[in-house]
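Student: Start counting at 1 in the sequence shown, then tack on 1, and there's your number in the working numbering. Quick reminder that beta carbons are idealized off the backbone N, C-alpha and C, glycines included. Before anything else, here's the structure in question.
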Amino acid sequence: MSVPTPQITPQKIGPNQCLIAGRLESFRRFEDVRLSLVAIPAPDPYSRPGIVEIRSNAVLGQRGDDVQVLCKIGGYKRKAYEVVDKKTGESTTVVPIQNTFDAVEQ
2 MSVPTPQITP QKIGPNQCLI AGRLESFRRF EDVRLSLVAI PAPDPYSRPG IVEIRSNAVL
62 GQRGDDVQVL CKIGGYKRKA YEVVDKKTGE STTVVPIQNT FDAVEQ
């Protein structure tokens, strides 16, 4: 059973928060956290939908449900690696960033 999500307005969204609206594709448990994959709508009919993973303690819904989740945005740096430009031979350090979305739960 899912927890009903109250309607969220832009005035209720605080700093470093976002509202994710999409279809719940799948979910799994990792230790004490539930990780839910949510497909967000494509910007146009010729694009692929985006996929985000939301961490939460509560069940966000059942597979196939349309959900709206207020999330706290976070992130961290991953391991840096070197990339060499094939045209110029110039070496550049790339630091990938991992974004995280944590459900704001009352």
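Using only the alpha-carbon positions, how far apart do Val85 and Ile98 sit?
Tutor: Going by the C-alpha atoms only, they are around 19 Å apart.
Student: Using the beta-carbon count (16 or more within 10 Å), is Val39 buried or exposed?
Tutor: Flag for Val39 reads buried.
Student: So the candidates are Arg30, Glu54, Ile41, Gly23; which of them puts its Cα closest to the Cα of Gly76?
Tutor: Of Arg30, Glu54, Ile41, Gly23, the residue nearest in Cα terms is Glu54.
Student: So what does DSSP say about Lys80, is it helix, strand or coil?
Tutor: Reduced to three states, the DSSP call for Lys80 is coil.
Student: So, Pro42 versus Gly23, is the Cβ gap smaller than 8 Å?
Tutor: It is a contact, given that the beta carbons lie within the stated cut-off.
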